[in-house]
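The opening position of the sequence shown corresponds to residue 1 in the UniProt record's numbering, with each subsequent residue numbered one higher.
Working notes, beginning with the structure itself.
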Amino acid sequence: MIDLSKIRAIDIHTHAEEPCGCHSDDGYDDLQSTMAGYFGAPWKHPPTIPETAAHFREQNIAAVIFPVDAERETGYRRYSNDEVIELVKANSDVLIPFASIDPWKGKMAVREARRLIEDYGIKGFKFHPTMQGFFPNDRMAYPFYEVLAEHGCIALFHTGQTGVGSGMPGGNGMRLKYSNPMYMDDVAVDFPDLKIILAHPSFPWQEEALSVAQHKPNVYIDLSGWSPKYFPPILVRYCNSILRKKVLFGSDWPMITPERWLADFEKIAIKDELREDIIKNNAARLLGLM
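Have a look at this one:
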């Protein structure tokens, strides 16, 4: 349903979070409001999917949107993939649904993934190792990855430090060690046909992420979660050269708006001839839209 001729960019990384924060007993509202302060977001409660769609439609930007299933590790009730998909259906001119299933759910995760792919045509799945509490190369997740590889799906992994829990006591239980992008090297070796996105500039492991993405043909990097003005020089250098076809615009909405990210991107030293690929065409090719 996405008409590439009518959009100026594809945001590969946006969050559907709103209903998760409706439960006063699990602490999710506190987490979200603290994170909004960390990023300087102008809200205390996340926008709904229809509100997100309206914002992106106004900006002429398409977006991949997903929930994060981390209820086993965090106690925060998840946003049902089915509910997300149904809301996205009504906004398919600008939104593309990805799903999220905690790999610790084992055979249940595999069954749900197959159902979502076969019944809804889901093209990708979001993983957050820090929130879900697992190393990406843990063999317990491999049956899940096998399903994704079999169906040509995309696996999008949070990497690097996270704003989730930042500044809260004990980081709100978030363990940064799980999101070192070097663990993804094993996954890329063991599943060479699985399309993998390393989300975010991977502080403090930026060079590890660049190394894996350069070495493994099936690994990409999205640039979400940071204003481009804070990108380290080595990331900009790789965007301009070796990884010019493998880096993807992402905002991390609703923490960062796409228009803020794109405005800041205009001010950094990216070659003019590469800008449209980074903000639109690389994602379109990866998603099979062109």
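Cβ atoms here follow ideal geometry from the backbone N, Cα and C, with glycine treated the same way.
Contact between Glu-58 and Met-131 is absent: CB atoms are separated by about 30 Å, not below the 8 Å threshold. Counting along the chain, the unbroken alpha helix (DSSP H) around Ala-54 starts and ends at 49-58.
Straight across, the Cα-Cα distance linking Trp-226 with Gly-250 is about 9 Å.
Each residue's CA atom was taken as its position, placing Trp-261 and Lys-123 some 25 Å apart. Residue environment for Tyr-230: exposed (fewer than 16 other C-beta atoms within 10 angstroms of its C-beta). Taking a cut-off of 8 Å for Cβ pairs, the segment 159-177 and the segment 110-126 do not touch, as fewer than three such pairs fall below it. By a beta-carbon distance limit of 8 Å, Ile-101 contacts Ala-113. Their separation comes to about 6 Å. In the DSSP assignment, Ala-284 falls outside any beta strand (DSSP E) and within the unbroken alpha helix (DSSP H) covering 282-286.
Boundaries of the beta strand (DSSP E) harbouring Ile-96: 95-97, taken from the DSSP string. Inclusion of Lys-195 and Asn-180 in the CB contact set at 8 Å is not warranted, their separation being larger than that value. Lys-195 carries a strand assignment under DSSP once its states are collapsed to helix, strand and coil.
Within the model, the alpha-carbon separation for Ile-270 versus Asn-240 is close to 6 Å.
Setting aside the 5 residues that flank it on each side, Ala-213 is surrounded in the same chain by Leu-198, Val-219, Tyr-220, Ile-221, Leu-243, Lys-246, each with a C-beta closer than 7 Å to its C-beta; the list follows chain order.
Just measuring C-alpha positions, the residue of Ala-90, Ala-263, Glu-71, Arg-77 sitting nearest Ile-49 is Ala-90.
Counting along the chain, Ala-63 sits inside the beta strand (DSSP E) bounded by residues 61-66. Looking at the backbone, the Cα of Asp-252 and that of Glu-17 are separated by about 12 Å.
A direct Cα-to-Cα measurement between Ala-284 and Glu-51 gives close to 23 Å.
Nearest to Phe-66 by C-alpha distance, out of Val-88, His-55, Pro-258, is Val-88. Of the candidates Glu-207, Ile-256, Pro-228, Tyr-183, Tyr-183 places its Cα closest to the Cα of Asn-137. Within its own chain, the residues whose Cβ lies closer than 6 Å to the Cβ of Asn-60, once the five positions on either side in sequence are excluded, are Ile-7, Arg-8, listed in chain order. Under the criterion of beta carbons closer than 8 Å, Pro-201 and Pro-233 do not qualify as touching, at roughly 12 Å.
Ile-278 and Asp-264 have their alpha carbons spaced roughly 14 Å apart. Comparing alpha-carbon positions, the option among Arg-115, Met-108, Thr-159, Met-255 lying closest to Trp-205 turns out to be Thr-159. A check of alpha carbon separations from Glu-83 across Pro-103, Met-140, Leu-116 identifies Leu-116 as the nearest. In the displayed model, Ile-242 falls within coil according to three-state DSSP, outside both helix and strand.
Here DSSP, grouped into helix, strand and coil, assigns Trp-104 to helix.
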